Structure formats: structure tokens, C-alpha cells
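Per numbering that gives the first Met the number 0, the very first residue in the sequence shown carries number 0; after that it's consecutive.
Every residue gets a Cβ at the ideal spot worked out from N, C-alpha and C, and that includes glycine.
Fair warning: this is a prediction, and the values are worked out from it, not measured in the lab.
These notes are about the structure you will find just below.
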Amino acid sequence: MTNFLDIAEEFSTAEGSRVHIIPVPYDATSTYRKGADRGPRAMIDASAQVEWFDIETRTEPHLQGIHTQSPVLCESDEPADLSPMVGERVGAVLDAGKLPVVLGGEHSVSIGAILAASERYTGLTVLQIDAHGDTRESYHGSTHNHACVMARAREVAGIVQVGIRAIDRSEWEAFEPGRVFFAHEILGSADDSWMEEVLARCTEHVYLTFDLDAFDPSLLPATGTPEPGGLDWRTVNELVRRVCRERTVVGFDVVELCPHEAHHASDFIAAKLVHRLISECLAARSG
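Dropping the structure here:
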């Protein structure tokens with residue numbers, strides 16, 4: 000697998016890079032459109048077309064090193080078997096003082112990363128940007144299904160959920176008041192003041208999990224379970240900017256890209272998002 004951004008070896012060594020990309024091409028439990036296992040490769044391939052200079056931070060994050068690891072490969076259909084594999088990779092990156100970036104794959108790939116971060120940061124907050132609640136206790140016989148990610152997260156961390164617009168009735172009754180920011184409420188807001196409420200509920204250390212179906216499908220249609228009424232690019236970027244600059248993002252993942260040959264823009268948007276997140280994280284750490 001080629002390097003993220005297609006950068007030269009001098010900017011992508013494991014030892015010299017502040018950022019480690021961890022591809023996890025896993026798609027065992029998706030229930031609508033399959034293909035998320037091709038998402039990491041598609042993001043990395045598309046990233047070769049992303050400009051290295053980030054306008055908003057006025058930085059070139061690749062100069063601090065971005066290393067692309069070999070993919071985490073799991074042949075099991077039970078995502079509980081995947082979790083420790085991802086956790087080991089993420090934990091090693093965190094222990095080295097670097098920024099782990101997990102590229103999925105279906106959303107279940109996030110569980111191991113979240114557990115690894117929670118073991119190293121007391122009082123961690125998991126900030127989820129997503130269309131779906133993902134707080135089912137179990138789904139299709141598995142507690143580690145993609146629909147259960149945030150149920151597992153709230154066992155080890157505080158959670159804040161943004162962009163939600165599709166849930167099961169059982170999830171509605173278990174939501175934590177004030178910690179769920181529904182998409183229709185965000186879209187109906189007169190300004191961005193709701194972002195201050197998001198930040199107020201985030202502790203100092205934040206792990207960000209980003210499901211690409213958080214975006215409206217008019218912007219990014221190539222995802223396994225698209226939902227109308229989603230977020231736009233500006234809103235997501237402003238929230239990310241504030242979180243990175245006012246809290247410490249210890250790691251993040253971007254998941255659920257389901258590549259489609261008719262929607263190559265989705266691959267690029269996902270890759271651009273990863274670059275923007277890296278840029279904001281590194282700029283905040285350097286500042």
C-alpha cells in the first residue's frame with residue numbers, strides 16, 4: 000500500500016513521523032451496501048491528489064512526517080476478534096507519543112482504537128460525528144457490531160454525539176440528555192453557538208470517531224448507509240477546528256467510505272477530510 004499523500008520516504012519513516020496512518024480494511028457486519036473494506040485503499044489512493052499545503056492552518060503537515068502502516072488484516076467475521084488487533088496498533092502509536100489515524104472499514108474498527116485511548120487517558124471523551132446513534136447493546140448477535148460502537152465507547156469514556164438522524168427506539172430511551180446533537184437541530188440553528196455546548200461536554204482529551212455518513216449524501220454519497228439531512232463541509236470543518244484548538248485530540252478515525260466508480264469525489268472528500276484533521280491536530284499541538 001502506498002503512502003498517504005504519496006509522499007516520499009524522507010517524510011514517511013515510522014520513527015520520524017508524528018502521524019501514523021493505520022488502514023483497517025474490514026467489512027464483516029455491514030447490513031446494507033458492502034464495500035467499506037475498500038475504503039482505506041480508496042482514501043489513500045485519492046490522497047495523492049490532495050494539495051500538501053493546508054490553507055486554514057497555513058501548514059504542510061507532511062513536513063512533520065506521516066507514516067502509513069501496513070493494513071490490519073482480520074479474517075474473522077466476529078468484530079470482537081478485530082478489536083484487540085486494532086487496539087495493539089493504536090496503543091503502540093500512542094505510547095510513542097504520536098497521533099494514530101485509523102482508516103476504516105466499517106465502524107466496528109473504531110472499538111479497539113477507543114479502548115486503547117481510554118486505557119491511556121483518564122476521563123477521555125469520545126466525540127462521534129455520525130448519522131447513526133450506534134448505541135445498540137447488541138446487533139445481529141454481536142456486541143461489537145458497527146451498530147454498537149458507541150455502546151462500547153460509553154463503557155470506558157464519556158461520549159458526545161453530533162449529526163445523529165437515524166436510531167432505533169431502544170437507543171432513544173438510552174440517550175444521555177445534552178450529549179446528543181441531532182442533525183435537524185444543527186441545521187435549524189441560526190448560528191454555531193451549539194458548538195460551544197459540544198465543547199463544554201468534552202474533557203481535555205478527546206478521541207474523534209468520524210463516520211462519513213455524517214455528511215449529507217448530496218456531498219458524499221459513497222457510504223454504506225447514507226441518510227438525508229446531513230452535515231455540510233463548512234459545519235464539520237468549523238467544529239473540528241474548534242475541538243482541535245480548544246481540546247487535545249489524541250487520535251481519530253474516519254470510517255464507512257464505500258467506494259463507487261461513479262462517485263470518485265467521495266474518495267477525495269474523505270482523503271481531504273483526513274488531511275484537514277491531521278492539519279488541525281498538528282497545528283494545535285505545535286501552537
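T124 versus E8 - alpha carbon distance: Translated into positions along the sequence shown, residue 124 becomes position 125. Translated into positions along the sequence shown, residue 8 becomes position 9. Roughly 34 Å between the two C-alpha positions.
Between the CA atoms of E118 and T224 - distance to the nearest angstrom: Indexing the sequence shown from 1 puts residue 224 at position 225. Indexing the sequence shown from 1 puts residue 118 at position 119. Each residue's Cα considered, the two are about 31 Å apart.
Cross-strand partners of D53 (DSSP beta bridge): Within the sequence shown, residue 53 is the residue found at index 54, counting from 1. DSSP lists T58 as partners of D53.
Anticipated Cβ contact below 8 Å, Q63 with H19, distance rounded: Within the sequence shown, the letter at position 64 stands for residue 63. Within the sequence shown, the letter at position 20 stands for residue 19. Rounded, the Cβ-Cβ distance is 12 Å, inconsistent with contact.
Residue interval of the alpha helix (DSSP H) (run including H143): As a working note, residue 143 is residue 144 in the sequence shown. Note, H143: premise wrong, no alpha helix (DSSP H); not H, not E.
Whole-Å CB distance - P39 paired with G90, under 8 Å assumed: Residue 39 sits at position 40 when you count from the first residue of the sequence shown. Residue 90 sits at position 91 when you count from the first residue of the sequence shown. That pair is no contact at about 19 Å.
DSSP beta-bridge partners of G157: Along the sequence shown, read from residue 1 onward, the residue named residue 157 stands at position 158. According to DSSP, which records beta bridges pairwise, G157 is partnered with T124.
DSSP bridge partner residues for P22 (one or two, in chain order): Indexing the sequence shown from 1 puts residue 22 at position 23. L102, per the DSSP bridge assignment.
Cβ-based neighbour list, G228, same chain, cut-off 8 Å, excluding 5 preceding and 5 following: If you number the sequence shown from 1, residue 228 lands on position 229. Cβ neighbours of G228 beyond the five flanking positions: R164, A182, H183, L186 and D215.
P24 beta carbon near the ligand GDP (any heavy atom closer than 6 Å): This structure does not include the ligand GDP; it has no bound ligands of any sort.
When G15, N2, F52 and D36 are compared against A221, the one with the closest alpha-carbon: Taking the first residue of the sequence shown as 1, we reach residue 221 at position 222. Measuring from the Cα of A221, the nearest candidate turns out to be D36.
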